[in-house]
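Student: Below you will find the structure I want to go over with you.
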Amino acid sequence: GYSITRDGLQTIGFNSNASRTGSLLYRQYFADDKAFRASANVRWNAVGNNLEDTTRGIKSSNSIRQSALSIALGIQKSLGIRPRLEPYVGVDLIGGFGSSKSSTRTEIINENKTGETDKNGDFNETINTNSTPFNFGLAPLFGVNYYILDGIAIGAEFSYGINLAFGTHGKKDITGKQNGTDIPAVHSMESPSSMGINFQNMGSSNITVSVYF
228 GYSITRDGLQ
238 TIGFNSNASR
248 TGSLLYRQYF
258 ADDKAFRASA
268 NVRWNAVGNN
278 LEDTTRGIKS
288 SNSIRQSALS
298 IALGIQKSLG
308 IRPRLEPYVG
318 VDLIGGFGSS
328 KSSTRTEIIN
338 ENKTGETDKN
348 GDFNETINTN
358 STPFNFGLAP
368 LFGVNYYILD
378 GIAIGAEFSY
388 GINLAFGTHG
398 KKDITGKQNG
408 TDIPAVHSME
418 SPSSMGINFQ
428 NMGSSNITVS
438 VYF
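In the working numbering, the protein residues as written are 228 to 440.
Quick look at the structure:
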């Protein structure tokens, strides 16, 4: 059957500031009390603002874009139905990665109110592509279903496990224009995120709605 989950504590597989969303979980039973599991979680978040300061003659803007994806494969075993309550245990093998980019920009819109060397259209812009890890982990889980109708259940699921994070390089790009002339762009690399085993990014608490057929 299929289950739709709503995140509670934090994302399975990776840690991100992206907006919380739901997950889709598919379970295929190969015995009365055992099932294979496959789930996916996709997140996207984009925020930004623009401000024109006519007194100072400048316009500023900033934005943040974040995305994340995790995929999990696992197995679970039912501990029995009593009478409508079905607890179960299992384990998921999880892979996840994310991306995060932020930018800030300041632009001259009224050269008469700024410096002598400024021209309308002069700007400074910084774009940060943040260092983000690829996570791979193993998460034991415990869950419970309560059958409100035959084949329809609501429940909750909790997991906590070991996570191995592989860091990636980030970068910073600075561009601009001064006195109507492009200034040389500056590009720099950030050190990769730390690589190691930790117990912090794998915690998950979800509310589930399941349909079995």
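From the three backbone atoms N, C-alpha and C, an ideal C-beta is built for every residue, glycine too.
How many Å lie between residue 336 and residue 407 at the Cα?
Tutor: Cα-Cα distance, rounded: 12 Å.
Student: Counting only the same chain and skipping the five closest in sequence on each side, list residues whose C-beta sits under 8 Å from that of residue 308.
Tutor: Result list for residue 308: 374, in chain order.
Student: Considering only DSSP beta bridges, list what residue 396 is partnered with.
Tutor: Residue 396 is not bridged to any residue.
Student: Which stretch, first to last residue, makes up the beta strand (DSSP E) that contains residue 275?
Tutor: 261–280
Student: Could you check what DSSP says for residue 328 in three-state terms: helix, strand or coil?
Tutor: Per DSSP, reduced to three states, the secondary structure at residue 328 is strand.
Student: Could you check how far apart the C-beta atoms of residue 216 and residue 330 are, in whole angstroms? I think they sit under 8 Å.
Tutor: Past the boundaries of the shown model lies residue 216; the chain is included only from 228 to 440, so the question cannot be answered.
Student: Just mark residue 282 as buried or exposed, buried being the case when its beta carbon has 16 or more other beta carbons within 10 Å.
Tutor: exposed
Student: Under the three-state reduction of DSSP, which class applies to residue 428: helix, strand or coil?
Tutor: Because the pLDDT of residue 428 is 49, which lies under 50, any placement of that residue in the model is unreliable, and the number read from its coordinates should be weighed accordingly. It is coil, neither helix nor strand.
Student: Spatial neighbours of residue 304 within its chain, please: C-beta separation below 7 Å, excluding the five flanking residues on both sides.
Tutor: 260, 261, 315, 316 and 317
Student: Between which residues of its own chain and residue 414 is the CB-CB distance below 6 Å, once the five residues before and five after are set aside?
Tutor: 400
Student: If you draw a straight line from the alpha carbon of residue 333 to that of residue 312, how long is it in whole angstroms?
Tutor: 59 Å
Student: Looking at the strands, I want to know which residues DSSP matches up with residue 296.
Tutor: 269 and 324
Student: At the level of alpha carbons, what is the spacing between residue 338 and residue 350?
Tutor: 12 Å
Student: Which partner residues of residue 364 appear in the DSSP bridge assignment?
Tutor: 321 and 390, per the DSSP bridge assignment.
Student: Measure the C-alpha to C-alpha separation of residue 269 and residue 360 and round it to an integer number of angstroms.
Tutor: C-alpha separation (whole angstroms): 16 Å.
Student: Just tell me which of 434, 409 and 370 has its CA closest to the CA of residue 250.
Tutor: 434
Student: For residue 246, which residues from the same chain have a beta carbon less than 6 Å from its beta carbon, with the 5 sequence-adjacent residues on both sides left out?
Tutor: Confidence in residue 246 is poor, its pLDDT being 39 and thus under 50, which makes the residue's placement too unreliable to answer from.
Student: The beta strand (DSSP E) that contains residue 351, what's its start and end?
Tutor: The continuous beta strand (DSSP E) containing residue 351 extends over residues 350–356.
Student: Could you tell me which residues DSSP pairs with residue 409 in its beta bridges?
Tutor: 404
Student: Look at the alpha carbon of residue 363 and the alpha carbon of residue 410, and state the distance between them as a whole number of angstroms.
Tutor: 42 Å
Student: If distances are taken between C-alpha atoms only, which option among 402, 289 and 264 comes closest to residue 319?
Tutor: 264
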